[in-house]
Structures are given as C-alpha cells and as structure tokens.
Amino acid sequence: MQKYNINDLRFMYINKPNDLAKIFEKAGYTEDYIVNMFNTSKEEIILLRAERILLSLEKDKNLQNSDEKYKISSKFNVPEAPYLKKDRDKIYNEMNNEIDKNIGETLEQIYSYDEEEFVTAIHRTSLSKDQIINEVFTKGLCYENDTEPDYSNHVQVMRNFPLMLREIKYCNNYKFSQGVVILKIPKKYIGKAQTDEILPLYYKGNDGKTYLRPEFISSYVPVKDRKLKDVIFNTRINDIYNKDTIYHTDENIKLK
12 MQKYNINDLR
22 FMYINKPNDL
32 AKIFEKAGYT
42 EDYIVNMFNT
52 SKEEIILLRA
62 ERILLSLEKD
72 KNLQNSDEKY
82 KISSKFNVPE
92 APYLKKDRDK
102 IYNEMNNEID
112 KNIGETLEQI
122 YSYDEEEFVT
132 AIHRTSLSKD
142 QIINEVFTKG
152 LCYENDTEPD
162 YSNHVQVMRN
172 FPLMLREIKY
182 CNNYKFSQGV
192 VILKIPKKYI
202 GKAQTDEILP
212 LYYKGNDGKT
222 YLRPEFISSY
232 VPVKDRKLKD
242 VIFNTRINDI
252 YNKDTIYHTD
262 ENIKLK
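The opening residue of the sequence shown carries number 12 in the working numbering; numbering runs sequentially from there.
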C-alpha cells in the first residue's frame, strides 16, 4: 500500500492546491464546494479529509480475496509504560499475522498519520453500517443523554497499535457492538478553552442533542465473529460548523 505523509499533503496544500483539489474531485466534491472549503475550512480538516479519500481509493484499488495476513512491524511493539511490556508483547504476538493484510495496512496508515499532532481513538458501537454511513459520518457521534460529555467516557484513546487491533477484534464483546468508529483528533483541540482558532470537539444539533463533530471521525470497521470485515472511510461532506451552537469542554482528557 502506498504511504501518505502529512508533510506531503501539506506541501500540496501550500504549493500545489490544484493537485489537492483533484483528490476531492475524485470523491465527488463539486468545484464550488472545493473552492468554498479551501476558503473557509481549517488546514487540518482539509488535510484529514484528503488523507481519508486517498486511503479509501488505495484500499478499493487493492481489494482482493487473499489469504495473506498482516505482519505488524516491530516498531509498533513498544509499551506505553515499562510495566506493560510483558502484556504488550503477548498482544503483539497474538495479533501478528492475524488479520487481512490490506485491512491491517490500512489501519496502520490511519494510526500512524501524524502521531505527534493527533490522537487516535476508538468508539465501539451497536449501530449498523448504514446508520454509521448515513448518520454518524454526517452528524457525528451522538451523546443523547449527556449534555456535557466527558471525552474519555465515550472513546478509548489508543497509544499502542497492536492493542488497538485487538480491541477492534473483540469489540463484539461490548454491548452487542457491531464495529468500531476510529477518530483522529488534533491534540491542540483537546483541553483548551474555545477560541476562534480552536475547533471545538462538540456541537449542539438542531435536535438539542450533543454530538462529537464528524470532522474527527476517520472511519468505521465492521466486525463479525471477531473478523475485521472492512475499513469504511468517512469522506462525506459534513460541514456543520456554527459558532452559535457549539462549545468545548475545558478538561475532556489529559494527555501524557
């Protein structure tokens, strides 16, 4: 699988915007929408969308029935803390050569995308694939009974890639979950008060419910009988930014 680097996309954004625009054309974005997006959206959101589209196109190109399994690079066998080494070694060995090669490479690319600037997190869900695509990708994750959501109560931040693969594999054990939503959130948007320069994590919809913004939803992985079936990218047009209806909690999560 071809690797896409945040610096490559940023170079295109600054020096070759027409090339970057062609990526969005491939996903069905109209010329008027692309021009408006470049004029009004933040750079991080534009690049996140471009990365998802490229990965989606690459994944579709490589789709094939194969028994080849994904080998996890040893660079990911790094525990978050020394006392976790034995457990993480076990998980690394368990998940190595366990899932489909194409799916594994796609998830590696999502996880590795600009790790210094982004948090990778997962959210287990019992929603169907159609509900994810038509509702969550468009509106975001809904916190129906939580008017002031605590970020860490609803998603699990992943700091170890083999562990993320294992958590996805066993997601069916959690409240009849049918899959996992993967999120990529800029660290600078977490734990800061709302300003014009900080994109809030949440917004309040016209239905009065609270949502985690769809811009941060990278993809959905359906899982059945502990088998990762696909990686479906969020390439939907989902600009719902409205300064009058959004807010940001100051202490959503503490990053180490």
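Where is the CB? At the ideal position from N, CA and C, for every residue including glycine.
Secondary structure of residue i, DSSP reduced to three states
| i | result |
| --- | --- |
| V46 | helix |
| R21 | helix |
| R135 | strand |
| K267 | Caution is warranted here: a pLDDT of 29 is assigned to K267, below 50, making its placement in the model unreliable, and no coordinate value can be reported. |
| D111 | strand |
| P197 | strand |
| K80 | strand |
| S85 | helix |
| S52 | coil |
| K97 | helix |
For residue j and residue i, the rounded distance between their alpha carbons
| i | j | result |
| --- | --- | --- |
| A132 | K53 | 21 Å |
| F187 | I57 | 34 Å |
| F172 | S137 | 23 Å |
| E55 | D19 | 13 Å |
| F227 | V130 | 10 Å |
| N29 | E42 | 11 Å |
| M106 | I83 | 8 Å |
| I25 | I17 | 12 Å |
| D98 | F87 | 14 Å |
| A286 | T51 | Outside the shown range of the chain, which is 12 to 267, sits residue 286, and nothing can be said about it. |
| P211 | I201 | 8 Å |
| L59 | K198 | 14 Å |
| K70 | N113 | 7 Å |
| N253 | N104 | With a pLDDT of 38 at N253, under the threshold of 50, the predicted position of this residue should be treated as unreliable, and no value is reported. |
| N164 | N108 | 32 Å |
Opposing strand residues paired with residue i [DSSP bridges]
| i | result |
| --- | --- |
| V234 | L239 |
| F244 | S230 |
| T221 | Y154, K215 |
| V130 | I196 |
Cβ pair residue i, residue j closer than 9 Å
| i | j | result |
| --- | --- | --- |
| Y122 | M169 | yes |
| L223 | L174 | no |
| T149 | P225 | yes |
| E178 | V191 | yes |
| I110 | L65 | no |
| K270 | P233 | Since the displayed the chain opens at 12 and closes at 267, residue 270 lies outside it and no answer follows. |
| K235 | N183 | yes |
| I143 | I243 | yes |
| R135 | Y185 | yes |
| R63 | S229 | yes |
| Y213 | Y124 | no |
- Task: Any chance you could list the beta strand (DSSP E) runs of at least 3 consecutive residues sitting entirely within the region 140-191, in chain order?
- Result: 152-154
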